[in-house]
Structures are given as C-alpha cells and as structure tokens.
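Visitor:
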Amino acid sequence: MAVIVVNGDLLKASEDIIGHQVNCKGVMGSGVAKLIKEKYPEAFAFYKDKCNATVDKQELLGVCQLVESANGKTIANLFGQLKYGRGKEQYTDYTALERAMIDLKNRAMKTNSSIALPFNIGCGLANGSWDVVSKMIDEIYSDYDVTLYKL
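Quick note, my numbering runs 106 ahead of the 1-based positions in the sequence shown.
The structure is reproduced here in structure tokens:
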C-alpha cells in the first residue's frame with residue numbers, strides 16, 4: 107500500500123472517490139473546491155445544505171461527507187477548516203483534516219473504493235504546512251492506497 111503521486115488533473119482522476127478539503131461556512135469560492143463545485147454541482151448542494159443545517163459550525167470539523175455525483179463519481183467533502191480567507195493565517199485545522207481523512211479511508215475500505223486527493227491538500231489557500239499534511243497522509247494511508255494529483 108502506498109501514497110502515489112501523479113502529474114495530472116484531479117477532476118479527471120480515474121479513482122472512485124475524489125476528496126478535497128472544505129470549510130464549514132458553506133462556501134466553495136476558490137481553489138479545488140470551486141472546481142469541484144463547477145464540475146459536480148450536487149457535491150456543492152449537499153455540502154451547502156449540511157452547512158446550513160448545522161448551527162454550531164465547529165461540529166462539522168473532521169466530518170467526511172460523501173456525495174454521489176450524477177456520473178457515478180463520489181466526492182468526499184473533507185471538513186478540515188472552520189473558515190476561509192485570503193489572509194496569511196492558517197485555516198487548515200490539522201486534527202479535523204486528519205479525522206476526515208481517516209473516516210474517508212475507513213469508508214473507502216468497506217467498499218474497496220479507490221481514493222484521489224489533491225497534492226498539497228489544505229496547504230494552498232488554507233495555508234497549512236505540506237510537511238505536516240504529507241506526514242499525516244503517509245501515516246493514514248500506510249495500509250491503503252491513495253493517489254495524490256499534482257498539476
């Protein structure tokens with residue numbers, strides 16, 4: 107089992123599940139989330155409904171929401187950040203992202219589903235540290251394959 111890094115477009119991934127980090131505010135306004143929203147509008151609709159239905163947004167941290175798309179691809183909305191912004195602050199909550207990724211792996215294992223994640227997940231606009239997140243991914247996926255897509 108391994109973490110596999112490939113050069114390619116995450117949205118064209120052949121894996122069964124495409125995972126990405128989301129905030130708890132119901133906004134997919136930039137980065138990978140915006141691309142997911144545009145290509146898989148049902149993933150955004152279910153995500154938005156979940157955010158709107160949750161009064162205490164902190165409760166969403168660490169949740170892995172799986173959404174079946176119209177074309178059969180499953181989108182995993184990984185609630186790894188409470189809020190979002192363009193500032194220098196770190197928006198990625200490592201503990202929440204870790205919990206969501208563990209849940210994703212466990213659920214994928216039950217159905218023998220393959221997983222794709224963006225290379226640098228939580229480390230672009232959310233300002234996480236790739237040193238931290240890549241070690242987390244290596245540990246979580248030490249016993250189950252995950253493919254990281256790098257543009």
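All C-beta atoms, glycine included, are put in the ideal place defined by N, C-alpha and C.
In angstroms, rounded to a whole number, what distance separates the CA positions of Ile124 and Thr198?
Guide: Cα to Cα, the separation comes out at about 19 Å.
Visitor: Look at the Cβ atom of Val112, then the Cβ atom of Lys256, and state whether they are nearer than 8 Å.
Guide: Yes; because the gap between Cβ atoms is below 8 Å, this pair is in contact.
Visitor: Return the chain-ordered ranges of every beta strand (DSSP E) run that is complete within the segment 159 to 191 and spans a minimum of 3 residues.
Guide: Within the segment 159 to 191, the complete beta strand (DSSP E) runs of at least 3 residues are 170 to 174 and 180 to 187.
Visitor: Would Lys211 be called buried (16 or more neighbouring beta carbons within 10 Å of its own) or exposed?
Guide: Its Cβ being crowded by 16 or more others within 10 Å, Lys211 is buried.
Visitor: In the DSSP output, what is Lys256 paired with across the bridge?
Guide: Note: Lys256 sits in a beta bridge opposite Asn113.
Visitor: Within the continuous beta strand (DSSP E) that includes Gly125, where are the two ends?
Guide: That run of the beta strand (DSSP E) goes Ile123 to Asn129.
Visitor: Measure from the alpha carbon of Phe225 to the alpha carbon of each residue in Arg213, Tyr146, Thr217 and Val238, then state which is nearest.
Guide: Checking every option, the nearest Cα to that of Phe225 belongs to Val238.
Visitor: Where does the unbroken beta strand (DSSP E) through Leu210 begin, and where does it stop?
Guide: First-last for Leu210: Tyr200 to Thr217, but that is the alpha helix (DSSP H), not the beta strand (DSSP E).
Visitor: If you draw a straight line from the C-alpha of Glu245 to the C-alpha of Asn183, how long is it?
Guide: Distance between the alpha carbons of Glu245 and Asn183: 20 Å.
Visitor: Going by the beta-carbon positions, is the gap between Ala214 and Gln127 smaller than 8 Å?
Guide: No, the Cβ-Cβ distance between Ala214 and Gln127 is not below 8 Å.
Visitor: In terms of alpha-carbon separation, which member of Asp155, Gly114, Thr180 and Arg205 lies closest to Gln187?
Guide: Ranking Asp155, Gly114, Thr180 and Arg205 by Cα distance to Gln187 puts Arg205 first.
Visitor: Going by alpha carbons, who is nearest to Ser220 out of Ile227, Leu254 and Leu166?
Guide: Looking at the Cα atoms, Leu254 is the closest of the given residues.
Visitor: Would a check of beta-carbon distances place Met242 closer than 8 Å to chain D?
Guide: Checking the listed chains, one finds no chain D in this structure; it contains a single protein chain.
Visitor: Quick one: measure Cβ to Cβ for Val169 and Phe185, integer angstroms, because I've assumed they're closer than 8 Å.
Guide: Confirmed, about 4 Å.
Visitor: State the beta-bridge partners of Ala232 as determined by DSSP.
Guide: DSSP output for Ala232 lists no bridge partner at all.
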